[in-house]
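Undergrad: Just so you know, full-length UniProt numbering puts 102 at position 102 of the sequence shown, and the rest follows in order with no gaps. I have a structure here, written as structure tokens, and I will follow up with some questions on it.
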Amino acid sequence: MGNCVILKPSEKVPLTMTRVAELLHQAGVPKGVFQIINGSVEAVNSLCDHPKVVAVTFVGSSNVAQLVARRCRALDKRVLALGGAKNHLVALPDADIEMASKDIVTSFAGCAGQRCMAASVLLLVGDCDALLAKIVEKSKELSRGTEAGQVGALIDEISKTRVLKYINEAEAEGVKILVDGRSWAKEAKGYWVGPTVLLHTTSNGAAMKDEIFGPVLSVYRVKSFEEALQIENNNDYGNAAAIYTSNGASAEYFQTRFRAGMIGINIGIPVPREPFSFGGLYGTKSKYGDMDITGDGCVEFFSSRRKITAKWSTGSYVRDDANFSGQM
């Protein structure tokens with residue numbers, strides 16, 4: 001679209017985007033069109049404040065997303081800041097057990113749960129014992145490592161400590177631990193926490209409400225569609241939600257009532273890509289700013305519209321490209 005881009009990657013994982021920049025330059029992108037700067041808070045503030053930076057996007061925690069959005073808005077800049085998520089899944093008794101269990105485990109444990117599109121809360125409506133048993137079984141089968149199909153480590157010691165804290169506090173509150181990933185932290189060196197499944201007896205508690213950003217799934221039994229929707233609708237985030245059912249009427253009921261920007265049916269948290277727009281619900285802790293980062297919203301955000309009005313008298317219009325030089 002003709003924009004020059006300055007990217008500041010996370011200081012915890014700078015090498016990936018450095019490699020992307022190298023590949024872009026090898027592909028022919030002119031020097032200076034795509035640039036990388038590394039740093040922490042000072043680098044972020046400088047980018048937000050620089051008078052020649054007209055639009056800012058951000059992906060990260062909700063607290064920082066809100067700070068970035070406020071700083072840019074105060075300077076009259078276009079901003080789209082994506083924050084955290086607490087993605088809810090609802091499962092009905094008629095859900096396909098094999099498909100649902102595979103999707104749900106992959107969703108909450110994939111990337112060690114370190115992604116805004118991870119499943120976080122599973123609400124079971126009615127008798128879903130067989131599904132829960134299969135989720136527990138598949139979670140216990142996962143192994144740690146860096147190969148395909150394995151669960152990797154957390155990014156650093158701070159993240160490991162935070163995830164373990166949520167599990168320990170949940171246990172102290174009386175939450176039943178169906179799969180305990182704390183064993184990985186004891187058995188291996190590094191920042192390991194294994195897939196963890198928590199069965200709650202109340203919809204309150206930090207593990208049910210906060211973004212943990214680790215391989216932890218909170219499960220809670222509800223008695224009705226309305227109770228499931230009330231819990232999903234009342235969470236502070238609005239990134240994504242999904243329903244597992246074999247009944248189209250049930251799917252339609254939930255898809256029109258979920259309070260989230262991205263809705264999935266029999267999908268372990270939807271990730272719509274181009275040409276569709278990707279982004280959470282505005283006005284929640286998942287999104288601060290305008291439009292979306294892909295699809296039509298992306299084009300709108302990264303471009304400026306111009307309006308051209310022209311008038312030609314009858315018979316006077318001529319287009320002579322051959323004799324047009326751009327100069328008088």
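Glycine included, C-beta positions come from ideal geometry on N, C-alpha and C.
According to DSSP, is lysine 176 part of a helix, a strand, or is it coil?
TA: strand
Undergrad: What residues in its chain sit with their C-beta under 7 Å from that of proline 270, if we drop five residues either side in the sequence?
TA: Answer for proline 270: Ala240, Ala242, Met262, Ile263 and Gly264, listed in chain order.
Undergrad: Please go through the same chain and pick out, in chain order, the residues whose beta-carbon is closer than 6 Å to the beta-carbon of lysine 176, but skip the five residues on each side of it.
TA: Leu199
Undergrad: How do the stretch 67-81 and the stretch 114-127 stand: do at least 3 beta-carbon pairs fall below 8 Å, yes or no?
TA: no
Undergrad: Three-state secondary structure (DSSP) at serine 159?
TA: helix
Undergrad: Terminal residues of the continuous alpha helix (DSSP H) containing glycine 295?
TA: 295-301
Undergrad: Please determine, among Lys52, Asp156, Leu67 and Pro51, the residue with the shortest C-alpha to C-alpha distance to phenylalanine 58.
TA: Leu67
Undergrad: Alpha carbon to alpha carbon, how far is aspartate 292 from glycine 315?
TA: When rounded, the distance between both Cα atoms is 45 Å.
Undergrad: What three-state label does DSSP hand threonine 16 in the structure shown?
TA: helix
Undergrad: Report the residue from Ser203, Lys287, Val318 and Gln26 whose alpha carbon sits nearest the alpha carbon of leucine 82.
TA: Of the candidates Ser203, Lys287, Val318 and Gln26, the one whose C-alpha sits nearest the C-alpha of leucine 82 is Lys287.
Undergrad: Applying the criterion that 16 or more other CB atoms from any shown protein chain within 10 Å of the CB defines a buried residue, is cysteine 4 buried or exposed?
TA: Counting Cβ neighbours within 10 Å, cysteine 4 comes out exposed, since fewer than 16 surround it.
Undergrad: Less than 8 Å between the beta carbons of proline 14 and alanine 109, yes or no?
TA: no
Undergrad: Using three-state DSSP, classify lysine 307 as helix, strand or coil.
TA: coil
Undergrad: Under a Cβ-count criterion, where at least 16 other Cβ atoms within 10 Å of its own Cβ denotes burial, should phenylalanine 324 be classed as buried or exposed?
TA: exposed
Undergrad: Could you work out which residue in Ile158, Leu178, Met17 and Asn87 is closest to alanine 260 when comparing CA atoms only?
TA: For alanine 260, the nearest C-alpha among the options comes from Asn87.
Undergrad: Shortest alpha-carbon distance to valine 125 belongs to which of Ala91, Ile155 and Ile135?
TA: A check of alpha carbon separations from valine 125 across Ala91, Ile155 and Ile135 identifies Ala91 as the nearest.
Undergrad: Classify leucine 154 as helix, strand or coil using the three-state DSSP reduction.
TA: coil
Undergrad: With three or more C-beta pairs closer than 8 Å as the rule, is the stretch 142-156 touching the stretch 293-312?
TA: no
Undergrad: Considering only C-alpha positions, which residue in the set Thr106, Thr294, Cys48 and Lys12 is nearest to arginine 273?
TA: Of Thr106, Thr294, Cys48 and Lys12, the smallest CA-CA separation from arginine 273 is found for Thr294.
Undergrad: Closer than 8 Å, CB to CB, is valine 56 near chain C or not?
TA: Here there is only one protein chain, and chain C is not present.
Undergrad: What are the residues that DSSP puts in a beta bridge with arginine 78?
TA: Ala55
Undergrad: Can you tell me whether glycine 84 is buried or exposed, with buried defined as 16 or more other CB within 10 angstroms of its CB?
TA: buried
Undergrad: Relative to the C-alpha of serine 183, which residue among Leu142, Asp210 and Tyr282 is closest?
TA: Leu142
Undergrad: Should asparagine 247 be labelled buried (16 or more other beta-carbon atoms within 10 Å of its own) or exposed?
TA: Asparagine 247 is exposed by the Cβ-count criterion.
Undergrad: Beta carbon of isoleucine 167, beta carbon of threonine 196: below 8 Å?
TA: Between isoleucine 167 and threonine 196, the C-beta spacing is below 8 Å.
Undergrad: Give me the Cα-Cα distance between valine 179 and alanine 172, rounded to the nearest whole angstrom.
TA: 16 Å
Undergrad: Express the C-alpha separation of isoleucine 267 and glycine 238 in angstroms, rounding to a whole number.
TA: 17 Å
Undergrad: Helix, strand or coil for glutamine 114? Go by DSSP, reduced to three states.
TA: coil
Undergrad: Using the rule of at least 16 other Cβ atoms within 10 Å of the residue's Cβ for burial, across every protein chain shown, is threonine 309 buried or exposed?
TA: It counts as exposed.
Undergrad: State buried or exposed for valine 44, treating a residue as buried only when at least 16 other CB atoms are found within 10 Å of its CB.
TA: buried
Undergrad: So does tyrosine 244 have its beta carbon nearer than 7 Å to some heavy atom of the ligand ADP?
TA: For the ligand ADP, the structure offers nothing, since it holds no ligand at all.
Undergrad: Under 8 Å, do serine 218 and serine 120 count as touching if we go by C-beta distance?
TA: yes
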